Structures are given as C-alpha cells and as structure tokens.
Amino acid sequence: MKNMIKLPVIVLGLLLLLTGTTQKVMAQDDEVSMQTFYDELSPYGSWNQDSQYGYVWRPNVDQRDFRPYYSNGHWAMTEYGNTWVSDYDWGWAPFHYGRWVTDRYNQWVWIPDTTWGPAWVNWRSGGGYYGWAPLGPGSGVNVSIGFNIPDFWWVFTPQANIYIDRFPRYYSNRNYGYLGQTVIINNVYVRGNRSYYSGPRRDEIRRVTNRDVRIYNIDRSNRPGRSYVSNNSIHMYNPRPNRGVDNRNAAPRSIAQRGDVIRPGDRSDRFGDNRNGVQNRNDQNRSDQNRNDQNRFGNNGDRNNDQNPNARNRNFGGDQNRTDRSDRGQGDVQRVGAPQQRPERSSDDQQRMQVQNQERQQRQDQMQQRQRDMGQRTADQDQQAQRQQQMQQRQQADRSQEQMQQRQQQMQQQSQERQQRQQADRSQEQMQQRQQQMQQRQEQQNQQNQQRQQQAQQQ
Numbered sequence: 511m512k513n514m515i516k517l518p519v520i521v522l523g524l525l526l527l528l529t530g531t532t533q534k535v536m537a538q539d540d541e542v543s544m545q546t547f548y549d550e551l552s553p554y555g556s557w558n559q560d561s562q563y564g565y566v567w568r569p570n571v572d573q574r575d576f577r578p579y580y581s582n583g584h585w586a587m588t589e590y591g592n593t594w595v596s597d598y599d600w601g602w603a604p605f606h607y608g609r610w611v612t613d614r615y616n617q618w619v620w621i622p623d624t625t626w627g628p629a630w631v632n633w634r635s636g637g638g639y640y641g642w643a644p645l646g647p648g649s650g651v652n653v654s655i656g657f658n659i660p661d662f663w664w665v666f667t668p669q670a671n672i673y674i675d676r677f678p679r680y681y682s683n684r685n686y687g688y689l690g691q692t693v694i695i696n697n698v699y700v701r702g703n704r705s706y707y708s709g710p711r712r713d714e715i716r717r718v719t720n721r722d723v724r725i726y727n728i729d730r731s732n733r734p735g736r737s738y739v740s741n742n743s744i745h746m747y748n749p750r751p752n753r754g755v756d757n758r759n760a761a762p763r764s765i766a767q768r769g770d771v772i773r774p775g776d777r778s779d780r781f782g783d784n785r786n787g788v789q790n791r792n793d794q795n796r797s798d799q800n801r802n803d804q805n806r807f808g809n810n811g812d813r814n815n816d817q818n819p820n821a822r823n824r825n826f827g828g829d830q831n832r833t834d835r836s837d838r839g840q841g842d843v844q845r846v847g848a849p850q851q852r853p854e855r856s857s858d859d860q861q862r863m864q865v866q867n868q869e870r871q872q873r874q875d876q877m878q879q880r881q882r883d884m885g886q887r888t889a890d891q892d893q894q895a896q897r898q899q900q901m902q903q904r905q906q907a908d909r910s911q912e913q914m915q916q917r918q919q920q921m922q923q924q925s926q927e928r929q930q931r932q933q934a935d936r937s938q939e940q941m942q943q944r945q946q947q948m949q950q951r952q953e954q955q956n957q958q959n960q961q962r963q964q965q966a967q968q969q
C-alpha cells in the first residue's frame with residue numbers, strides 16, 4: 511500500500527521538475543515559427559509587405575508618441591543584462607525578436623525574426639546619462655550591413671534614473687548634445703552561440719544610483735500577453751522553438767499594403783554620421799552593392815509566386831553564422847509591381863530632377879543643422895541649469911553652516927547666563943547663611959547677658 515502511494519508522488523515530482531526546467535527562457539538553436547508572430551500580432555496592428563524586408567508589422571498606437579524601448583515599459587536587470595519589460599499585450603514579440611525601422615511616413619514598423627534577445631538595442635554612456643537606440647535591420651553584435659543608427663532614434667535618461675519608468679527620458683532635439691557627451695557601451699553577453707548587448711553592468715549601475723540592483727529571473731509564460739514582475743521573476747511569453755520548423759510558407763492572413771513600405775533611404779546611411787561605434791563604415795560599400803543586386807531581380811512575375819516570402823526576415827543579429835544581405839537576393843524571390851521596361855526621361859527632366867534633389871538635400875541638411883543647433887543649445891541650457899542647481903546647493907550649505915554657528919553662539923550665551931545665575935544663587939545662599947550665623951551669635955550674647963544680670967541680682 512505504501513509503495514502504491516509513493517509511486518504517484520514520485521511521478522508528480524518528476525513532472526514538476528521537468529516543467530520547472532522548461533520554463534526558463536533560453537537562447538535556443540531551434541527556430542520559432544514565424545506564423546506565431548503573424549497570427550498573434552494581427553489583432554494589435556497591420557501587416558504590410560515590403561519589397562526588401564518582406565512582411566513588416568505596424569502597431570496600432572499613436573505614432574506621434576510611440577518609440578520602441580521608450581513607450582509603456584521599463585528596464586530591469588536579468589541574467590542576460592538589461593532587459594526591456596513591456597506593458598503592451600504584444601510587447602513579448604517586437605521588443606525581443608527582430609528589428610525596428612521607420613517607414614516612408616516616419617512611423618515605426620517591426621521586421622520579425624526568430625532569435626530571442628533581452629532587448630535588441632545599442633547603448634551609450636557619459637556625461638551622467640545613459641542612452642539606447644533600436645538596432646536597425648541587418649545590425650547585430652559587431653555587425654552592421656550598411657545601416658547607421660539615426661540620431662533621433664536615441665533615447666537618453668540620467669544614469670541615476672535608469673530603472674525609474676516614470677522619470678522623463680529625452681530624445682529628438684536634445685540628442686545631438688547628448689551624443690557628443692557619450693560613448694558606445696560594448697558590453698556583450700554571450701550564451702551558447704548567441705550574443706547580446708547587455709548595456710551598463712550591475713556594478714556600474716549600483717555605483718551611480720547608490721542602490722542595490724536586483725537581478726531578476728526570466729520565466730516563460732504559457733500564453734501571449736503582457737509581461738509582469740512577480741517577486742524575483744519576470745514572467746514573459748516566449749514561443750517554444752520547434753526543431754525543423756519550416757517558415758517558408760508562413761504568411762499573414764491579411765496584408766494592408768504591398769511594395770516599398772520602407773523608404774530606400776532608410777536602408778542606407780542617409781541618417782548622417784556613424785555614431786554608434788560598433789558599426790563598420792566599410793559596410794556602406796556592401797549596402798551599395800546590395801542595392802545594385804536588387805535591380806537585377808524583381809522586374810518579372812508577381813510576389814504571389816514567391817516560394818520563400820520570409821527568407822529576408824531571418825537571421826538579423828544573434829546568429830553569427832548568418833549570410834550577407836547581398837547573398838539573400840540570389841534566390842528565387844520576385845518583386846511586385848515593377849514594370850519590365852521604364853520609359854527614359856528627357857535631359858530637361860533629368861536636370862529638373864537633379865535640381866529638385868539638390869534642393870531637397872539642402873533643406874534636409876539645413877533641418878539637421880537646426881536640430882543639431884537646438885540640441886546643442888538644449889545641452890548648454892541643461893548644463894547651466896545644473897550649475898545653477900549646484901550654486902543653490904552650495905548657498906544652502908553656507909546658510910546651514912551660518913545657522914549652525916548662530917545656534918552654537920546662542921547655546922554658549924545661554925550657558926554663560928546659566929552659570930551667572932548659579933553663581934548669584936550661591937552668593938545669595940551664602941548671605942543667608944551669614945545672616946543666620948549673626949542671628950545665632952546675637953541670641954547667644956543676649957542669653958549670656960541675661961544670665962549675668964540674674965547672677966548680679968542674686969548677689
């Protein structure tokens with residue numbers, strides 16, 4: 511009977527042990543099904559088909575206020591380094607897989623990928639600030655294929671407030687000043703054959719915040735939904751990888767737009783100087799070669815005949831055994847909507863187009879210069895405000911010191927007055943004692959005189 515009772519208990523314990531060991535989010539060599547992303551994210555946004563990156567997803571949010579790794583979430587330290595914890599119901603996917611990029615309407619779209627990471631961002635530090643920005647398409651650890659992180663993608667916050675989600679974070683016009691004060695953080699976390707940018711280390715954050723930094727465990731949730739923190743764990747949905755999964759036929763149920771969703775300029779170095787430190791300038795030539803390769807295919811047929819519409823969505827960053835983007839165009843991928851022959855423009859049209867392009871480029875340069883000037887002025891104003899704050903603190907410290915000195919003087923005066931009163935009291939007591947002694951002597955003399963008189967009368 512005892513053996514029959516022990517057997518179910520042992521089986522239950524083994525099941526719990528196996529369940530607990532599979533709940534951890536791990537870097538897997540097996541791929542996640544792309545269909546999971548297409549199906550789970552459809553209620554929260556629209557899928558579009560870009561001519562270069564394949565299927566991209568635009569979230570249903572107010573794009574005027576939305577920024578990846580900025581809106582509706584916060585940072586937390588885990589075993590993988592700094593990890594983004596999103597409060598969106600769909601945040602488990604776009605902030606831990608794939609890459610973000612801005613489209614032709616300056617709206618953020620997400621390019622899916624199958625490699626999990628704590629956060630696909632680049633980090634900067636300096637001048638009392640931390641900064642981060644999404645890694646662009648083709649970017650990974652020590653890898654950048656013709657893509658520079660734009661200045662306006664960066665977000666900065668004071669170092670002491672890195673884990674305070676309600677503290678204001680700065681971006682846009684302020685970025686130029688902060689970029690000049692900060693340098694790239696090249697801390698990399700390696701697990702298996704995966705590498706992640708981990709951001710500032712725990713010891714550094716503990717030093718600048720003067721607080722202990724808790725390290726959370728990441729536990730896999732069973733259902734898609736919002737990530738949440740409980741005790742020492744971050745519960746986050748992570749699709750289970752499948753060995754031998756075939757993503758070639760995966761596709762969204764509905765597509766809102768086809769063609770060039772993302773501007774060609776967003777795939778090159780149109781964003782100006784390369785400030786991210788990790789990216790390789792020589793890769794720009796690779797980007798030009800990729801664009802030339804794209805012109806060799808895509809002019810015939812329809813995308814519906816594409817046997818592998820998502821081949822471009824894979825292997826963005828984590829896997830070091832990836833293929834170059836120029837090699838991806840060698841398959842049987844076909845572009846949509848491009849005519850077989852384009853009409854030639856006249857020389858006047860070409861000159862007009864050149865003049866328009868030059869004027870447009872000049873306006874863009876002027877706008878960028880204005881943004882840089884505004885950012886520099888903002889940084890100068892911030893420095894001046896910090897100096898004024900330091901001066902006020904010093905003045906307050908001086909006033910506090912003066913008040914302390916005044917209090918000490920008052921205490922000394924009170925002590926002297928107390929001593930004087932005590933001396934006066936002692937003098938008064940001495941006078942009273944002398945008076946009593948004199949009275950006693952007078953009484954004794956009176957008694958002696960009376961006795962003498964009595965003796966004289968008796969004689």
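First residue of the sequence shown: 511, per my numbering; consecutive thereafter. Cβ coordinates follow ideal geometry from the N, Cα and C atoms, glycine included. Only a predicted model underlies this, so the values are computations on that prediction, with no experimental measurement involved.
Who are residue i's beta bridge partners in DSSP?
i, result
"residue 621", "609"
"residue 565", "559"
"residue 747", "731"
"residue 642", "633 and 665"
"residue 699", "706"
"residue 726", "588"
Would you tell me roughly how many angstroms separate the C-alpha atoms of residue i and residue j, rounded to the nearest one?
i, j, result
"residue 610", "residue 890", "31 Å"
"residue 969", "residue 953", "25 Å"
"residue 955", "residue 940", "23 Å"
"residue 620", "residue 900", "43 Å"
"residue 698", "residue 627", "12 Å"
"residue 974", "residue 575", "Coverage of the chain is limited to positions 511 through 969, which leaves residue 974 absent and any answer about it impossible."
"residue 914", "residue 894", "30 Å"
"residue 912", "residue 904", "12 Å"
"residue 949", "residue 922", "41 Å"
"residue 713", "residue 572", "37 Å"
"residue 837", "residue 726", "For residue 837, the predicted model reports a pLDDT of 37, less than 50, meaning its position is unreliable and no value from the coordinates is stated."
"residue 961", "residue 937", "36 Å"
"residue 551", "residue 898", "49 Å"
"residue 599", "residue 708", "24 Å"
"residue 601", "residue 739", "14 Å"
"residue 711", "residue 869", "46 Å"
"residue 722", "residue 542", "36 Å"
"residue 614", "residue 909", "58 Å"
"residue 625", "residue 607", "6 Å"
"residue 604", "residue 622", "7 Å"
"residue 761", "residue 560", "13 Å"
"residue 567", "residue 745", "24 Å"
"residue 565", "residue 545", "11 Å"
"residue 581", "residue 569", "12 Å"
"residue 479", "residue 548", "With the chain represented from 511 up to 969, any question about residue 479 goes unanswered, as that position is not in the structure."
"residue 733", "residue 718", "37 Å"
"residue 659", "residue 642", "10 Å"
Using the Cβ count rule (16 or more neighbours within 10 Å means buried), how would you classify residue i?
i, result
"residue 724", "exposed"
"residue 634", "buried"
"residue 907", "exposed"
"residue 765", "exposed"
"residue 631", "buried"
"residue 925", "exposed"
"residue 702", "exposed"
"residue 934", "exposed"
"residue 665", "buried"
"residue 595", "buried"
"residue 531", "Annotation note: pLDDT 37 at residue 531 (below 50); position unreliable, no value reported."
"residue 587", "buried"
"residue 577", "buried"
Taking DSSP as the reference, what is the three-state secondary structure of residue i?
i, result
"residue 704", "strand"
"residue 595", "strand"
"residue 546", "helix"
"residue 586", "strand"
"residue 738", "strand"
"residue 577", "coil"
"residue 982", "This structure cannot settle anything about residue 982, because the visible part of the chain is limited to 511 through 969."
"residue 950", "helix"
"residue 694", "strand"
"residue 630", "coil"
"residue 665", "strand"
"residue 673", "coil"
"residue 827", "Residue placement at residue 827 cannot be trusted, given a pLDDT of 42 that sits under 50; what the coordinates show is reported in the next sentence. Three-state DSSP puts residue 827 in coil, outside helix and strand."
"residue 615", "coil"
"residue 647", "coil"
"residue 572", "coil"
"residue 890", "helix"
"residue 959", "helix"
"residue 756", "coil"
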